[in-house]
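My numbering applies: residue 10 is where the sequence shown begins, and numbers increase by one. Working notes for the structure below.
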Amino acid sequence: AAGPGGVVAVGAQPNGVVTDPVLWHLGPDEAWTRQVTQAFPGVPPVDRGECPEPPDSGLEFMTLHATVAVPCFGGRPLTFTAWSADCDGCWGRGRASRGPAAWLMNPPRAFFLLPMESRAGDGWWKDAIPAAGLEWRDEYVGAWLRITGHYDDPAAAECRRRVPAEELYYAGPLAEENACRQRFVVTQATVVEGPRS
Numbered sequence: 010a011a012g013p014g015g016v017v018a019v020g021a022q023p024n025g026v027v028t029d030p031v032l033w034h035l036g037p038d039e040a041w042t043r044q045v046t047q048a049f050p051g052v053p054p055v056d057r058g059e060c061p062e063p064p065d066s067g068l069e070f071m072t073l074h075a076t077v078a079v080p081c082f083g084g085r086p087l088t089f090t091a092w093s094a095d096c097d098g099c100w101g102r103g104r105a106s107r108g109p110a111a112w113l114m115n116p117p118r119a120f121f122l123l124p125m126e127s128r129a130g131d132g133w134w135k136d137a138i139p140a141a142g143l144e145w146r147d148e149y150v151g152a153w154l155r156i157t158g159h160y161d162d163p164a165a166a167e168c169r170r171r172v173p174a175e176e177l178y179y180a181g182p183l184a185e186e187n188a189c190r191q192r193f194v195v196t197q198a199t200v201v202e203g204p205r206s
């Protein structure tokens, strides 16, 4: 927003595993000044005393938000059963990544997990990334799986993209790392019988 008093722009500040908005003002002195008072309330940190139980079903996994899972469970292994759906075109490949965390930032494959048998194309699925050492099998698609995995993978510390300076969406390396920490990484998958209704 611009006016006689200068320009106001919205920036971003990583806060734990989320990013809070921050206002900046460009005044007549042509210097950017960060907001003195908080215009938008930041996201409060998760109270670990209020952490949920680890998920043990596909439904509980679906409803567990990564911004809660990371501070509550960190890299702790989580195991549950979920339907692994087939979905053509659900996984858009982003800009190619390099470095040790490329598999985490831009994975070639993903699991599309649901709490019931359905197509991922119906729109309600949660993706999970195969760990770098997990060999992909076609039998993982269209099947009930017993999944073990974790958030906050150690490789997240290496998540970095080479982003041109003019890319205004880029919030910085800490935001990239936090986004990688929120990825659920599957370390083990076994085809199992689904739940009986």
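Ideal Cβ positions, reconstructed from N, Cα and C, are used throughout, including at glycine.
1. Mind the definition here: the segment 63–79 touches the segment 39–51 only if three or more C-beta pairs lie below 8 Å; say whether that holds.
2. To the nearest angstrom, how far is it from the Cα of Thr-72 to the Cα of Thr-88?
3. My output table needs one value for Pro-30: the three-state DSSP class, helix, strand or coil.
4. By how many angstroms is the C-alpha of Pro-163 removed from the C-alpha of Met-125?
5. Just how far apart, CA to CA, sit Gln-197 and Trp-33?
6. Identify the continuous beta strand (DSSP E) that holds Phe-89 and give its terminal residues.
7. Can you give the beta carbon distance from Cys-96 to Phe-70, rounded, assuming they're within the 8 Å contact cut?
8. Near Pro-182, what residues of its chain come up, given a Cβ to Cβ distance below 7 Å and the 5 sequence neighbours on each side ignored?
9. Using 8 Å for Cβ pairs, my map puts Trp-145 next to Trp-92. What's the rounded Cβ distance?
10. Below 8 Å CB to CB, which residues in the same chain sit around Cys-81 once its five sequence neighbours on both sides are set aside?
11. Can you tell which of Gln-44, Phe-193 and Gly-203 has the C-alpha that lies nearest to the C-alpha of Lys-135?
12. According to DSSP, is Val-150 part of a helix, a strand, or is it coil?
13. Quick check on Trp-145: does DSSP put it in helix, strand or coil?
In this structure, then:
1. Under the three-pair Cβ rule at 8 Å, the segment 63–79 does not count as touching the segment 39–51.
2. 15 Å
3. strand
4. Straight-line measurement puts the Cα of Pro-163 at about 31 Å from the Cα of Met-125.
5. Roughly 45 Å between the two C-alpha positions.
6. 87–94
7. Taking C-beta atoms under 8 Å as the contact rule, Cys-96 and Phe-70 fail to qualify, at a distance of about 17 Å.
8. Arg-169
9. With a Cβ gap of about 17 Å, Trp-145 and Trp-92 do not count as contacting.
10. Val-55, Arg-57, Cys-60 and Pro-61
11. Phe-193
12. coil
13. In this structure, Trp-145 counts as coil in the three-state DSSP scheme.
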